[in-house]
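If you read the sequence shown in the working numbering, its first letter stands for residue 768, the second for the next number, and so on.
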Amino acid sequence: MKLLVTGGAGFIGSNFIHYILEKYSDYRVVNLDLLTYCGNLENLKDVENDPRYKFVKGDICDVDLVNNLVKNCDAVIHFAAESHVDRSILDPGPFVRTNVLGTLALLNAARNNNNKRFHHVSTDEVFGSLGPTGYFNENTPYDPGSPYSASKAASDHFVRAYFHTYKLPITITNCSNNYGEYEFPEKLIPLFVTNLLEGKNVPLYGDGLNVRDWLYVIDHCEAIDVVLHKGKIGETYCVGGNEEKTNLEITYKILEILGFGKDKIEFVADRKGHDRRYAIDATKIKKELGWGPKYKFDSALKQTVAWYKTHEAWWQRIKSGEYLKYYEAQYGKK
Ligand code: NAD
Ligand code: TDX
């Protein structure tokens, strides 16, 4: 099988490419990535010479390019996105462009090339915010709160509309917060870990009591694999780790692993429109496809923290703003 993976140089996409190449010796992967600020080919250094893997630098909004790439693949696994909520609050424009128009360009390419199989990677944030009880499931109405989640919700609607209208063979996964290796250090866990390793404080928004459900990235990759191969066409699957934690709890765990005290916590102004709680009921994917998370939060968090400790050069290059120079030296001018 030949997969077109979009956004494969990002956090989840690079983990997915490693996962697929390790699991399926006869699969080929083409990675289409624009290498925006968070796309990083260093994440894929160990597969760059693998004859089953090919990197194409390009934009998912480039209609001709995506048409050619989609034509030559069996399935599209669509990760590429602007993914950071705080950036979407500062400037929603790029989120609409990539997440909505880019998805549309890929859908049209899939439709124009014999209705190619299309898997769309989405988020639980499209459902909005929960109160202290209850869970999101596949029937929860969409109620996105941030420009990021609004753009992801719009892309989900287009994907579903292409199934309804054109019978494009799609599936969608709506997943909770991922953590693990290669996550860009602007998100909660890698930001806090690397700040502490640099001797800095950790900026906790508001009262620190917002709740997220956390899933180790390899469990997410496995869920996508299962849906790609066994999922029912036209269906959505909610994916979660059943590991609800407040941000304060996560912070305490990271402080403990790294041997720091609570004095490192700096309560800062809250995120605008900060969703209070996300939680996923993943019964459908468990019952219908037999998927469930294999990793436990405490041990996988320790493993993740250990990775950041041993990969200081990786995140230092990003955090010191050296990444662009590094990239150009390694791979030529952008
Ligand atoms: P990321 O920000 O780490 O990576 C995104 C990748 O997309 C980068 O490599 C970037 O260069 C690329 N990209 C951006 N714009 C592009 C464009 N126009 N053309 C081609 N490539 C482009 O994101 P991530 O955390 O790996 O998330 C991947 C997907 O999973 C996203 O669709 C996101 O909405 C979804 N998701 C993420 C999480 C999470 O916790 N991180 C949870 C659920 C769903
Ligand atoms: O500095 C911080 N301080 C803080 O308190 C940051 C960066 C975050 N937070 C809080 C905000 C959230 O309640 O931590 C929580 C997690 O924040 P992020 O890591 O920014 O993730 P979130 O906004 O929950 O979104 C993530 O999960 C769902 C991904 O970025 C999305 O792409 C995905 O769809």
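From the three backbone atoms N, C-alpha and C, an ideal C-beta is built for every residue, glycine too.
Return the first residue and the last residue of the beta strand (DSSP E) that residue i is part of.
i	result
H845	A842 to H845
D980	V978 to Y983
I1032	I1032 to V1035
N798	R795 to D800
V833	Careful: V833 lies outside any beta strand (DSSP E), inside the alpha helix (DSSP H) at V830 to K838.
F822	Y820 to K824
For residue i, count neighbouring Cβ atoms within 10 angstroms of its own Cβ and tell me buried if that reaches 16, exposed if not.
i	result
S850	buried
K769	exposed
V1072	buried
K790	exposed
T938	buried
N1190	Residue 1190 is absent from the structure shown; the chain starts at 768 and stops at 1101.
T1050	exposed
V1035	exposed
P908	exposed
N816	exposed
L857	exposed
For residue i, tell me which candidate among the options has the shortest Cα-Cα distance.
i	options	result
G1059	Q1083, I1017 and C988	C988
G1001	Y794, V893, D831 and H924	H924
H931	V960, R878 and T940	R878
D1037	G825, D853, I827 and D829	D853
S922	V863, D1030 and D841	V863
L976	V960, L788, C805 and H1041	H1041
N782	L801, D813 and Y804	D813
A928	T1003, E965, D829 and D831	T1003
G1007	K1031, I985 and D1030	I985
Distance, Cα to Cα, residue i vs residue j?
i	j	result
T1013	N835	45 Å
K1101	A776	Annotation note: pLDDT 40 at K1101 (below 50); position unreliable, no value reported.
F1027	F822	40 Å
I1047	D910	15 Å
D1065	Y949	18 Å
L897	P914	18 Å
N881	L873	13 Å
K919	H886	14 Å
Y1075	Y946	12 Å
D793	A848	28 Å
I1024	K1039	30 Å
G998	D974	40 Å
D826	T803	10 Å
R1084	E1055	43 Å
Grab the span of the alpha helix (DSSP H) containing residue i for me, first residue to last.
i	result
P957	L955 to L964
Exercise. Any chance you could list the beta strand (DSSP E) runs of at least 3 consecutive residues sitting entirely within the region 887-947, in chain order?
Key: Whole beta strand (DSSP E) segments, 3+ residues: 937-942 and 944-946.
Quiz prompt | Length-filtered (4 minimum) alpha helix (DSSP H) runs lying within the region 850-882 | solution = Unbroken alpha helix (DSSP H) stretches of 4 residues or longer found wholly inside the region 850-882: 852-857 and 870-879, given in chain order.
Quiz prompt | Runs of beta strand (DSSP E) wholly within the region 1006-1084 (minimum 3 residues, chain order) | solution = Contiguous beta strand (DSSP E) elements confined to the region 1006-1084 occur at 1011-1013 and 1032-1035, taking only those with 3 or more residues.
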